[in-house]
Structures are given as structure tokens and as C-alpha cells.
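**Q** In terms of my numbering, the sequence shown opens at residue 7 and continues consecutively. Here a beta-carbon is modelled for each residue, glycine too, at the ideal position from N, C-alpha and C. Here the structure is a predicted model, which means the values were calculated and not measured. Take this structure, written in C-alpha cells, and hold onto it; I'll ask about it next.
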Amino acid sequence: MAHIRGLTSRAGALFRSVATLTHREKQFLIAEMSQVRGLLPILMKPRNRQRWTAEDRAQMALHLRRISRISPYLVVLVMPGGFFLLPALAWWLDRRRNRARARASGS
């Protein structure tokens, strides 16, 4: 009987560890994606007949470093069958779902 309790205890600890890791990575990915939003206006400057300044070039380098940090997550999109995982990834990253859950438990 003690053996079974030990197994369930380890399984519970493993589940909590995976849940904590998943939550941490999700928060990291959301934070990085929100920071990269300013990249498109900078990239469009030459198209709009403007020149990149030294500050624009520094911002582009920063954004590209941020994108390289989230590239392992983007692998999901290029793997075979990754297109079918996209809805699951979108669900996992959906912040509105978490806000609705927090409101429901807070009321």
C-alpha cells in the first residue's frame, strides 16, 4: 500500500512540475510576442520611401534576437502536421480564456 502512495505522490509532483513549466513558458512566449509587434512598421520604412536610422537598425536587431528566442515554438508550424497543431497552440496562448476563468472564480 505504501508503494502505491509513493507512486501517486511522484505522479502528482510530476504533474505539478509540468504544469508549472508549461505556465512559465506560456508567459514567456506571450511576453516575447507582444514585444515583437513593433517590428513591422520598422521593416516597412524602405517601402514607404524612408530610411532606417541607427535607432531603427538597433530596434531591428533587438526584435530579431527576440524572434530567435521564440523560434523553437515556431517549429510547430513547419513540422509535418504542424498546421493541425496550430489550433491547439492558439488555444493554449489565448489570454481571454484565462481572463474569463479568473473572472468566473473571482465572482
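#1: Of all the options ALA17, ILE73, GLY18, LEU46, which has the alpha carbon lying nearest to the alpha carbon of PHE34?
#2: Starting from LEU47, trace the alpha helix (DSSP H) in both directions and tell me its first and last residue.
#3: Between GLU31 and ILE76, how many whole angstroms is the CB-CB distance? I'm expecting something under 8 Å.
#4: Nearest to LEU45 by alpha carbon, out of ASP62, SER15, PRO78?
#5: Using CA atoms only, rank isn't needed, just tell me which of ALA19, ARG57, VAL24, ARG43 is closest to HIS69.
**A** This is what the structure holds:
#1: ILE73
#2: First, the residue type needs correcting, since residue 47 is Pro and not Leu in the sequence shown. Start and end: 45 to 49.
#3: Between ILE76 and GLU31 the Cβ distance is about 10 Å, and since that is not below 8 Å, they are no contact.
#4: ASP62
#5: ARG43
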